[in-house]
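Scroll down for the structure; my scribbles are underneath it.
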Amino acid sequence: MDLSTKLVHTSGIGPSLQAKLDKLNLTTVEDLVTHYPFRYEDFAKISKIAEARAGEIVTFSGDVLSIKNTYTKSHKILTKAILNDGSGSVEIIWFNNRWIIKNIKVGDKIQTSGKLDFFAGKLGLIAPEWEKVDINQALHTGRLVPVYPETYGLTSKWLRAKIHQFLPQITPTIVDPIPVEATKDFLPLAKALEKIHFPDTYSEILQAKKRLSFDELFYIQLSTLKKREDWQNKQVTKAFKIDKEKLQEFIDKLPFKLTKAQDKVIQEVLKDVNKTSPANRLIQGEVGSGKTVVAAVIIYLAYLNGLKSLLMAPTEILAFQHNATLTKLLEPFGISVGLYTGSKKFTNIPDVIVGTHALLSEKLELNDIGLIVVDEQQRFGVAQRSLLRARAKSPHFITMTATPIPRTVALTIYGDLDLSVIDEMPVGRLEVKTHYVPEIKREDSYKFMEKVVQEGQQIYIITPLIDESETLVSAKAAKAEFEKLQTKIFPNLKLGLLHGKLKPKEKEEVINAFKNHKIDILVSTSVVEVGMDIPNATIMVIEGAERFGLSQLHQLRGRVGRGNLQSYCFLFAEQEIPQVISRLKNLEHIHDGLKLAELDLQIRGSGEIFGTRQSGDWDLKIASLSNLELIEQARNEAKKILQDDLTLDKHQPLLGKLLNLENIMPD
Ligand code: ADP
Ligand code: MG
């Protein structure tokens, strides 16, 4: 037996067990021994029955004096045993377990671990772990006992026993693919695998975890760094000639002066596209920091080099808007911009093609595309991004996001990208004054809104998030809110309605009407979350705000405060309870997207930041995305190896492992 042995081929695992193992994605022995515990029960302390107290976690070793089944009124089995360890006796109770009575006999020596507690007024051990062993070989009791996640009908006890049975058999067969020089600070692999499951001390858990985390991070680094090198070495693209004068002319004609940060990022991108290896850069910038115009400058440069560009956005609304913005900026320079919706073909392919994921359609020719820009890239799956890139041969590739990216994440999830940050907002921007509004103040806030509209400004009202995927239900709810507001609250104002179930044409009409101020108040589902840019809108009202993450609320809030008028964000909650209110009130004084993202991470977990798609692609088994030191160490070791052996010809086991992993990892 070795790590690659299929579990079905080992003794004692038949079809019904295999079905359960399948649910956990456990196929090979390796899968099983890398199914790591998510916590440990500390049963290490062996207690005397006479000295143990209620509430304590204890392990008792003793003789079974009696054991019998009784039945509850609802015919459930209660198995009761009496254990004596010389110091005293204690009752043990198991619920609804038909097997116990067949396995424990009077006179057996057993060891049992659990919490000493009251049951029906009597002190006893309730449903404890137990085994018939001597103390030195204990697996389930009397030690640090591993507990496994999501067992789907496989008990932790079963997994523990199986892993314990396999480990000594496979240990001699384990070949560590990573050269020892890279792992000399850590436990050897086989030892780490043993100790992660069966540690004797807490410090051993930490050591094992460190080694296994290192491996996980190392393989990610090796894979991404190798891909990046391969990509840059193999692919030849057209190096853009940089016509400084023409670029400057374009920049001078913009309706505003670029911020220093925009300038800096443009310079970074110019360096990339000036090479024959394709650029692969992620531009991160807070909402409203002005990423679009940076893209426009590079698109203009592509045009000067005789190449077409393609810009992909996650929603139709955003695609319409980019189409309009780019048309305005680029058409005066003789550049044609067109929206591709998939429903009708271009008669003449424009210089700049804007669209949603419809751009991925086979029907669209992408042959002479020199530059691809993906906006709000976190909204797309990794697969979609690489598909686009692959279909266009070897374009320069720029992605953009407003999601703040901690350095550790940048180095891991985005390890194959170059990162530029627009870390400055255009001048004159005022902070969006944000208020949690209790229900009793609703009337007042409506009056304030009416006044602001009379002064010539516009408002967004976001209806509660019912369904992430914009179903009919969300659309109906938005429609109901719209009708109520139009008839009862603001009968004299012009309201518009926007939701994901409208046809593209209808959406475009509503957005244009809002843009051209034919509408005062836009009632919308959270489809406006991404990217909408209407500087005259100065109030963002969010209903049911507690249904959103803080980052998401921050993104929504970023729809206002885009010009130099004072803007406001009003947050209403459906549940006016203290936790909700205090969470929402964070937005009143925190205006930094990264801080809010970190708060989300604390309060609601990482899915909130990276979006389900993206984090799902990179689910880490054991390593933590917050350990910068270990990530950097893994990266350095991976770099060292690739430096003299990019093909990994001299590291065959590593190459094998990598190919294996890449079958399950995204591009
Ligand atoms: P985001 O980074 O969120 O995509 P946009 O590109 O939509 O931001 O830009 C937000 C708004 O700021 C737009 O109206 C844009 O015209 C404006 N803008 C961009 N750069 C500047 C600047 N340097 N000075 C003033 N306004 C700017
Ligand atoms: Mg944008």
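So for the sequence shown, our numbering puts the first residue at 51; every next one is plus one. A virtual CB, placed ideally from N, CA and C, is assigned to each residue, including glycine.
Among the options, the one whose alpha carbon lies nearest that of residue i
i, options, result
"residue 627", "489, 515 and 676", "489"
"residue 332", "322, 141, 562 and 450", "450"
"residue 294", "264, 282 and 348", "348"
"residue 151", "212, 117, 135 and 134", "117"
"residue 549", "567, 525 and 566", "525"
"residue 201", "215, 636, 87 and 101", "87"
"residue 267", "282, 228, 303 and 595", "228"
"residue 179", "156, 208, 168 and 171", "208"
"residue 515", "496, 592, 62 and 308", "592"
"residue 477", "303, 631 and 615", "615"
"residue 303", "197, 379, 250 and 292", "379"
"residue 601", "523, 637, 429 and 571", "637"
"residue 646", "336, 710, 125 and 343", "336"
"residue 481", "219, 234 and 643", "643"
"residue 321", "90, 290, 255 and 350", "290"
"residue 327", "444, 374 and 159", "444"
"residue 313", "323, 343 and 325", "343"
"residue 582", "230, 564, 226 and 262", "564"
"residue 420", "284, 541, 426 and 329", "329"
"residue 298", "280, 346 and 265", "346"
"residue 105", "523, 174, 363 and 212", "174"
"residue 101", "166, 442 and 126", "166"
"residue 497", "543, 473, 468 and 458", "543"
"residue 138", "112, 588, 161 and 122", "112"
"residue 90", "132, 78 and 190", "190"
"residue 280", "492, 700 and 692", "692"
"residue 305", "587, 340, 696 and 287", "340"
"residue 414", "123, 395 and 427", "395"
"residue 217", "623, 361, 239 and 234", "239"
"residue 199", "71, 131 and 146", "71"
For residue j and residue i, believed in contact at Cβ under 8 Å, the rounded distance
i, j, result
"residue 577", "residue 391", "Contact doesn't hold; Cβ gap of about 16 Å is too wide."
"residue 546", "residue 569", "4 Å"
"residue 243", "residue 424", "Wrong, their Cβ atoms sit about 40 Å apart, outside the cutoff."
"residue 611", "residue 338", "7 Å"
"residue 510", "residue 574", "6 Å"
"residue 484", "residue 619", "4 Å"
"residue 404", "residue 369", "6 Å"
"residue 730", "residue 684", "Because the chain spans 51 through 717 in this model, residue 730 falls outside it and cannot be assessed."
"residue 109", "residue 119", "Residue 109 to residue 119, Cβ: 25 Å. No contact."
"residue 85", "residue 67", "Going by Cβ atoms, the distance from residue 85 to residue 67 rounds to 14 Å, so no, they are not a contact pair."
"residue 270", "residue 465", "7 Å"
N-terminal and C-terminal residue of the beta strand (DSSP E) that residue i is part of
i, result
"residue 330", "330-335"
"residue 447", "446-451"
"residue 159", "159-169"
"residue 404", "402-405"
"residue 387", "387-390"
Opposing strand residues paired with residue i [DSSP bridges]
i, result
"residue 118", "130"
"residue 510", "572 and 590"
"residue 108", "164"
"residue 620", "485 and 591"
"residue 78", "56"
"residue 96", "109"
"residue 89", "197"
"residue 547", "573"
"residue 421", "359 and 446"
Unbroken alpha helix (DSSP H) run spanning residue i, endpoints
i, result
"residue 144", "Per DSSP, residue 144 belongs to no alpha helix (DSSP H); it is in the beta strand (DSSP E), 139-145."
"residue 266", "252-284"
"residue 219", "206-220"
"residue 155", "Here residue 155 belongs to no alpha helix (DSSP H), and DSSP marks it neither H nor E."
"residue 709", "702-712"
"residue 521", "Segment: none, residue 521 is in no alpha helix (DSSP H) and carries neither H nor E."
"residue 68", "65-73"
"residue 235", "Counting along the chain, residue 235 falls outside any alpha helix (DSSP H), and DSSP gives it neither H nor E."
"residue 601", "600-607"
"residue 694", "678-694"
"residue 555", "554-565"
Quiz item: Which full runs of the beta strand (DSSP E) of 3+ residues lie inside the region 173-199, going along the chain?
Solution: 179-181 and 194-197
Quiz item: In the region 423-507, which residue ranges form an unbroken beta strand (DSSP E) of at least 3 residues, counting only runs that do not cross its ends?
Solution: 446-451, 468-472 and 483-486
Exercise. Can you check the region 291-372 for any alpha helix (DSSP H) of at least 4 residues that lies completely inside it and give the ranges in chain order?
Key: 294-302, 310-323 and 341-354
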